[in-house]
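Structure first, then comments.
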Amino acid sequence: MAGGPPVSTVFNISELKAQLPRGKRLLGLDIGSKTIGLALSDTTLTIATPMETIKRKKFKEDVAHLLAIVTQQGVGGYVLGWPVNMDGSEGPRCQSTRAFSDNLAKVSGLPQLFWDERLSTAAVERTLIEADRSRARRKELVDKMAAGYILQGALHAL
3 MAGGPPVSTV FNISELKAQL PRGKRLLGLD IGSKTIGLAL SDTTLTIATP
53 METIKRKKFK EDVAHLLAIV TQQGVGGYVL GWPVNMDGSE GPRCQSTRAF
103 SDNLAKVSGL PQLFWDERLS TAAVERTLIE ADRSRARRKE LVDKMAAGYI
153 LQGALHAL
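When you line the sequence shown up against this note's numbering, it's residues 3 to 160, in that order.
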């Protein structure tokens, strides 16, 4: 997008709510280097449901998958897990998430919200251990459940 203004569709929580059309869902994303966990809200923006985990390939393929979900499920915005360090500082994972967000904005144009994801994976792991899930099953579930945890936090704040 050389020469044009940067694409910016990242909002704070109140701006996201104002931008989100009535009856549209939010899609929660837990963006990792190898996978993207997905969770979907209901249309009343009350409940987050873990949906699936995408094994990352190329950005173009990952986004095509996301855009298909957006169309099929009536998604009106995204909540992206914001992987700040425990002290609140931003590290390389934040840079990677911001780059993903910027690229997603260029093809999607839907509003986005960064939501602090500190301790989300740890909370989900603890829940799965308490539910007596095997290590293999936890690995299979953790990303989409972390996306659900992140999205549910944002829904509570709405």
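Ideal Cβ placement from N, Cα and C applies to all residues, glycine included. Note that the structure is a prediction, hence the values are computed from the model and not measured.
For Glu-54, the enclosing beta strand (DSSP E) stretches over residues 50-57.
A check of alpha carbon separations from Thr-99 across Asp-44, Trp-84, Tyr-151 and Tyr-80 identifies Trp-84 as the nearest. A distance below 7 Å between beta-carbons, with the five flanking residues on each side excluded, links Ala-41 to the following residues of its chain, in chain order: Gly-30, Ala-50, Thr-51, Pro-52, Met-53, Lys-146, Ala-149, Gly-150 and Leu-153. At the C-beta level, Phe-13 and Leu-115 come within 7 Å of one another.
Here the alpha carbon of Val-65 sits roughly 30 Å from the alpha carbon of Arg-128. Among the bridge pairs identified by DSSP, Tyr-80 is matched with Leu-29 and Gln-114.
Taking the C-beta atoms as reference points, Gly-111 is found no nearer than 7 Å to Pro-23.
Counting the other Cβ atoms within 10 Å of the Cβ of Glu-119 gives 16 or more, which makes it buried. Gly-39 has Asp-32 and Thr-55 as its beta-bridge partners, per DSSP. In this structure, DSSP gives Val-12 an extended state, which the three-state scheme calls strand. Straight through space, the alpha carbons of Asp-89 and Lys-26 are spaced by roughly 34 Å.
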